[in-house]
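Residue numbers (the numbering used here), protein chains in the order written: chain A, 155 to 279; chain B, 76 to 223.
Below is one structure, written out as structure tokens, with a few remarks after it.
Quick look at the structure:
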């Protein structure tokens with residue numbers, strides 16, 4: 155059996171963390187942690203070394219784009235899906251330029267997050 | 076702030092309800108906020124800085140937020156923390172989405188949530204605020220936009 159994909163969910167909203175967890179349950183994943191701010195996210199990232207991170211941008215302590223850069227310094231092959239209300243094109247391009255593999259604007263439906271995740275894991279994980 | 080600005084926020088709010096609940100909300104006629112308080116059981120507030128300054132908030136009752144949270148999570152029994160969190164997340168999404176119109180130097184804060192019917196929500200005195208009454212299903216809520 156294939157190893158389960160390790161996922162870290164980062165968002166300052168409790169309900170969004172719960173929703174992402176619920177919508178991704180159908181995949182062969184192990185949620186190794188959920189974090190409500192950027193600092194906690196980095197600590198969890200170091201401790202759990204996830205394969206995929208879903209990452210919000212507007213968060214207390216440290217914003218998601220800074221977190222993204224730090225994560226890539228630690229593990230360059232981590233796949234980061236940015237999930238944010240900042241839905242303007244410039245923010246999306248910036249996230250991709252910094253190394254995110256996927257950009258999903260909020261509000262998202264269950265289908266949209268599953269499709270984005272499916273495309274992400276299809277990228278030779 | 077002009078009518079176009081207000082429309083950006085109203086469109087963003089309508090989009091939120093339709094996308095998340097698959098059911099349209101309707102916006103009533105906006106009016107200029109006076110001294111009368113506009114506050115329901117839970118309020119999510121976002122500060123705006125950068126190119127534009129001000130704040131926005133959405134205020135709603137627990138019954139409406141519970142129904143939306145139930146749609147999102149598919150469970151009936153929700154904790155108070157979920158309800159509180161949701162109103163902040165709605166405010167965050169509405170204001171974050173208007174960056175499509177204003178660009179990325181329209182900066183938003185993390186949400187602040189006020190629980191309980193406070194006397195009113197403090198807004199900058201020197202900026203006019205607009206109130207948009209909202210109806211979703213049979214629930215009333217309000218969007219308040221205060222933008223320089």
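Yeah, the Cβ is synthetic: ideal placement off N, Cα and C, and Gly gets one too.
Taking 4 residues as the minimum length, the alpha helix (DSSP H) runs contained wholly in the stretch 129-192 of chain B are 137-148, 155-172, 174-177, in order along the chain. Within its own chain, the residues whose Cβ lies closer than 7 Å to the Cβ of residue 185 of chain A, once the five positions on either side in sequence are excluded, are 161, 163, 175, listed in chain order.
For the stretch 158-184 of chain A, the set of residues with a beta-carbon nearer than 7 Å to any beta-carbon of chain B comprises 166, 167, 168, 169, 170, 172, 173, 176, in chain order. Using beta-carbon distances, residue 164 of chain B counts as an interface residue toward chain A, with a partner under 8 Å. Three or more Cβ pairs closer than 8 Å define a contact, and the stretch 118-125 of chain B meets that threshold against the stretch 158-165 of chain B. Looking only at B:143, B:198, B:145, B:223, the smallest Cα-Cα distance to residue 114 of chain B is reached by B:198.
Residue range 264-275 is occupied by the alpha helix (DSSP H) that includes residue 271 of chain A. With fewer than 16 other beta carbons inside 10 angstroms of its own, residue 103 of chain B counts as exposed. Interface annotation for the stretch 124-151 of chain B against chain A: 144, 147, 148, 149, criterion Cβ-Cβ distance under 8 Å. Nearest C-alpha to residue 167 of chain B among B:92, B:193, B:186: B:186. Look at the stretch 172-219 of chain A and you find these whole runs of beta strand (DSSP E), each 3 residues long or longer: 183-189, 206-209.
A distance below 8 Å separates the beta carbons of residue 226 of chain A and residue 253 of chain A.
Residues of chain B with a Cβ closer than 8 Å to the Cβ of residue 238 of chain A are, in chain order, 171. Inter-residue distance for residue 150 of chain B and residue 101 of chain B is about 26 Å (C-alpha atoms, whole angstroms). Segment contact: the stretch 78-89 of chain B against the stretch 190-199 of chain A, fewer than three CB-CB distances shorter than 8 Å; contact not assigned. Below 8 Å, too few C-beta pairs join the stretch 209-223 of chain A and the stretch 139-148 of chain B to call them touching: fewer than three. The Cβ-Cβ distance between residue 133 of chain B and residue 107 of chain B does not fall below 8 Å. Taking a C-beta distance under 8 Å as the contact criterion, residue 181 of chain B and residue 188 of chain B do not qualify as a contact pair. Distances from the alpha-carbon of residue 275 of chain A to those of A:171, A:211, A:255 put A:255 closest. From the listed residues A:190, A:158, A:180, the smallest Cα separation to residue 171 of chain A is found for A:190. A Cβ-Cβ contact shorter than 8 Å links residue 236 of chain A with residue 257 of chain A. When beta bridges are read from the DSSP output, residue 208 of chain B appears opposite B:217. In chain order, 182, 183, 184 place their CB closer than 7 Å to the CB of residue 158 of chain A, counting only its own chain and leaving out the 5 sequence neighbours on each side.
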